[in-house]
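Below is one structure, written out as structure tokens; the observations come after it.
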Ligand SMILES: Nc1ncnc2c1ncn2[C@@H]1O[C@H](COP(=O)(O)OP(=O)(O)O)[C@@H](O)[C@H]1O
Ligand SMILES: [Mg+2]
């Protein structure tokens, strides 16, 4: 079990008729930063809550840090840190008091030094003794992060850690994730931001009620994004579908913004052949360019959400 | 548990509006009302015949507070000597002192309402904050036990009202002793019935009201609305209590029975609240 931080089998949650999380099989390795990427309402928070023992699953089970989700819930809570979607701060308490309170709940003895260290790490010393009522979203999130990491958890859940933050606070949060990664802390990062997942994560799970893909960001891009060639055509062959299907190395195609996007395996090598083929079938090629897909496009493609544009 | 209570206390202390409403105003009322009335009545005592005064003070005080029906019932019985109804010993007191006794007893009856009303405010406030700020979820993510969490909520919301009730009671006994003499006050007011009501009934009622609010807030997402429903639940109990304690209904021997319903309801309410507060369930209650 040493290499595995989270292992779920058929873990799922329904709310009435809504299947927020379909039975999920997922493995998170120790020490990795796993991005849990999906649009709003995908069930990321639900999943995070189940894995951090805050919400009972309606089916399946999971082992977290070697403990069963149900039988070992308390042991799990001791070793995980959860940054909830809402910071959940007490407006009338100061950051220092808030941290002291959570240190107490975790049973840390003499937490003063740790609290100071956390406050310093996040640059909160100046505000440490002011009630948090008027704090900006960024400051609040920093306090919440300090609270999450106070007891030095082995596994950290971050639910949308940068949503709604200003650029500077975003950078602080992301640097902190990278720091956790260096230290070997396992991070479960739920986010709807592709670029965040791509930059911070060792592996990314693409999730929308069910797990759609799980791989390293580069691998995902190669697999789903592929390399695409964009054509502007004047005369489109009526049987474009079969025209393209004649070519074995064309993977698929789509219309987007008046352009024909064709996914091929090795565009450098294949583009001249592809142009020749289209011309031979009666298309007039006005413009050709290479279109590299972002992970965002890859995700949208996987989720079956048509990218903006028209399907000719 | 200690930390949870510390947080609740700090929160109450820093919340000026709540602090004034729950601590300062009731204390001022308790400390000011009875001595004020007693002083006024004691000075005008000679002016009017005592028997008439008893009726007038009684009407003025009870007319505002007691529900019409119980008031009527009270009047029916009040014919000969209403004060004697409150405590048999008082029938032998001189008329002037009977007026003072009436005021003392009504004021004491009044503070027994504190443990019913004040927790409505403290509990609703705590629950509203849990909801609007989302403070419960990070706490649930720590190794605290569900029952600790619930106890901290219940104690945090009911201890201040209970403390205020006890303090008010002591103040009023002191004031009463000043005007009527300690031996008489001891005989009439420091009885097993009264002690049970104040030291057993107040905590029981306070905790029950808090538990009811916790349960209501699970059903009703808006904690303010839950507070209003809670008030509805408390209102009949308050009416009954006021009627009993102000003498509209005979109290001798009845007093301890006021406690019984609270004590009987406390355990089931606690069991239900534990289930509501359980991790895994409480966050599913949203919306
Ligand atoms: N407590 C709840 N009761 C009912 N429905 C819920 C509850 N929590 C979440 N949902 C629903 O489950 C779905 C997934 O929600 P959530 O996990 O919050 O998604 P995400 O975090 O990915 O935005 C949504 O449709 C949401 O409305
Ligand atoms: Mg979410």
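Protein chains in written order, with my numbering: chain V, 53 to 364; chain G, 482 to 768.
C-beta: ideal position from N, C-alpha, C; glycine also.
1) Measuring from each Cβ to the nearest heavy atom of ligand 1, keep the ones under 5 Å and list them in chain order.
2) With burial defined as no fewer than 16 other Cβ atoms inside 10 Å of the residue's Cβ, what is the status of residue 573 of chain G: buried or exposed?
3) Tell me, please, whether the CB atom of residue 765 of chain G is closer than 8 Å to any CB atom in chain V?
4) List, in order along the chain, the chain V residues whose C-beta lies closer than 8 Å to that of residue 710 of chain G?
5) Check residue 225 of chain V in the structure and name its three-state DSSP category.
6) Starting from residue 570 of chain G, find everything on chain V with Cβ-Cβ shorter than 8 Å and list it in chain order.
7) How would you call residue 613 of chain G, buried or exposed, if buried means at least 16 neighbouring beta carbons within 10 angstroms?
8) Mind checking if residue 134 of chain V is an interface residue toward chain G, Cβ cutoff 8 Å exclusive?
9) From what residue to what residue does the beta strand (DSSP E) around residue 653 of chain G run?
10) Can you name the residues of chain V whose CB is closer than 7 Å to the CB of residue 625 of chain G?
11) With a threshold of 7 Å, establish whether the CB of residue 248 of chain V neighbours any heavy atom of ligand 2.
12) Residues of chain G with CB under 9 Å from residue 1 of chain V, in chain order?
13) Where do the N-terminal and C-terminal ends of the beta strand (DSSP E) with residue 366 of chain V fall, by residue?
14) Any heavy atom of ligand 2 closer than 7 Å to the CB of residue 212 of chain V?
15) With hydrogens ignored, establish whether the beta-carbon of residue 137 of chain V is closer than 7 Å to any heavy atom of ligand 2.
16) If you draw a straight line from the C-alpha of residue 707 of chain G to the C-alpha of residue 701 of chain G, how long is it?
17) Can you give the Cα-Cα distance for residue 358 of chain V and residue 610 of chain G, rounded to whole angstroms?
18) Could you have a look at residue 126 of chain V and say whether DSSP puts it in helix, strand or coil?
19) Which whole-angstrom value is the C-beta distance of residue 645 of chain G and residue 512 of chain G, which I expect to be below 8 Å?
20) Fully enclosed by the segment 266-292 of chain V, which alpha helix (DSSP H) runs are 4 residues long or longer?
21) Only counting the same chain, and skipping five residues up and downstream in sequence, which positions put a Cβ closer than 8 Å to that of residue 296 of chain V?
22) For chain V, check one thing: does any of its Cβ atoms lie closer than 8 Å to the Cβ of residue 760 of chain G?
23) In chain order, what residues of the same chain lie with their CB nearer than 7 Å to the CB of residue 545 of chain G, ignoring the 5 residues before and after it?
24) With contact counted as at least three CB pairs below 8 Å, one residue from each stretch, are the segment 246-256 of chain V and the segment 90-98 of chain V in contact?
25) Compile a chain-ordered list of the residues in the segment 92-105 of chain V whose CB is closer than 8 Å to at least one CB of chain G.
26) Using a beta-carbon distance below 8 Å, is residue 66 of chain V in contact with chain G?
27) From residue 548 of chain G to residue 750 of chain G, what does the alpha carbon distance come to, in whole angstroms?
28) Alpha carbon to alpha carbon, how far is residue 275 of chain V from residue 332 of chain V? Give it in angstroms, no decimals.
29) In the structure shown, what three-state DSSP assignment does residue 319 of chain V receive?
30) Going by the DSSP bridge assignment, what does residue 243 of chain V pair with across the sheet?
31) Are the CB atoms of residue 241 of chain V and residue 224 of chain V within a distance shorter than 8 Å?
32) Buried or exposed: residue 659 of chain G, going by 16 or more other Cβ atoms within 10 Å of its Cβ?
33) At 4 residues or longer, what runs of the alpha helix (DSSP H) sit wholly inside the segment 289-313 of chain V?
34) Taking C-beta pairs closer than 8 Å, name the residues in chain G that residue 130 of chain V reaches, listed in chain order.
35) Excluding the five sequence neighbours on either side, which residues of its own chain have a C-beta within less than 7 Å of the C-beta of residue 111 of chain V, listed in chain order?
A quick look at the data gives this:
1) Those residues, listed in chain order, are V:67, V:72, V:92, V:93, V:94, V:95, V:96, V:97, V:98, G:765 and G:767.
2) So residue 573 of chain G counts as exposed.
3) Output row for residue 765 of chain G: interface = yes.
4) Chain V residues near residue 710 of chain G: none, gap ~24 Å exceeds 8 Å.
5) Under the three-state reduction of DSSP, residue 225 of chain V is assigned to helix.
6) None at all; the shortest Cβ gap to chain V is about 49 Å.
7) Result: exposed.
8) Residue contact with chain G for residue 134 of chain V: present (Cβ-Cβ distance below 8 Å to some residue of chain G).
9) For residue 653 of chain G, no beta strand (DSSP E) run applies; the uninterrupted alpha helix (DSSP H) run containing it begins and ends at 627-661, by DSSP.
10) By Cβ distance, chain V contributes 157.
11) Remark: the C-beta of residue 248 of chain V is outside contact range of ligand 2, defined as less than 7 Å to any heavy atom.
12) Outside the shown range of chain V (53 to 364) lies residue 1 of chain V, about which nothing can therefore be said.
13) The structure shown has nothing for residue 366 of chain V, since chain V only spans 53 to 364.
14) For residue 212 of chain V, the shortest separation between its Cβ and any heavy atom of ligand 2 lies below 7 Å.
15) Yes, ligand 2 has a heavy atom inside 7 Å of this Cβ.
16) Residue 707 of chain G and residue 701 of chain G: Cα-Cα distance of roughly 6 Å.
17) Residue confidence is low: residue 358 of chain V scores 48 on pLDDT, short of 50, so the model does not pin down where it sits. Its coordinate-derived value is still stated next. A straight-line Cα-Cα distance of about 41 Å links residue 358 of chain V and residue 610 of chain G.
18) If DSSP states are grouped into helix, strand and coil, residue 126 of chain V belongs with the helices.
19) A Cβ-Cβ distance of about 11 Å is found for the pair residue 645 of chain G and residue 512 of chain G, leaving them out of contact under the 8 Å criterion.
20) Listed in chain order, they are 269-272.
21) Cβ within range, chain order: 302, 305 and 314.
22) Chain V places a beta carbon closer than 8 Å to that of residue 760 of chain G, counting this residue as a contact.
23) Note that residue 545 of chain G has pLDDT 48, beneath the 50 cutoff, so the model's placement of it is unreliable and no number is given.
24) Short answer: they don't touch.
25) For the segment 92-105 of chain V, the set of positions with a beta-carbon nearer than 8 Å to some beta-carbon of chain G reads 101, 104 and 105 in chain order.
26) No, residue 66 of chain V does not count as interfacial toward chain G.
27) Note that residue 548 of chain G scores a pLDDT of 44, beneath 50, so its modelled location is shaky; the value from the coordinates is reported in the next line. Going from the Cα of residue 548 of chain G to the Cα of residue 750 of chain G covers about 28 Å.
28) Whole-angstrom Cα-Cα distance: 30 Å.
29) DSSP, read as helix, strand or coil, puts residue 319 of chain V in helix.
30) According to DSSP, residue pairing for residue 243 of chain V in a beta bridge involves V:89.
31) Note that the C-beta distance between residue 224 of chain V and residue 241 of chain V is not below 8 Å.
32) Around the beta-carbon of residue 659 of chain G, fewer than 16 other beta-carbon atoms lie within 10 Å, marking it exposed.
33) If only uninterrupted alpha helix (DSSP H) runs of at least 4 residues are considered, those enclosed by the segment 289-313 of chain V are 292-297.
34) For the C-beta of residue 130 of chain V, the chain G residues within less than 8 Å are, from N- to C-terminus, 624.
35) So the list reads 62, 64 and 75, once near-sequence residues are dropped.
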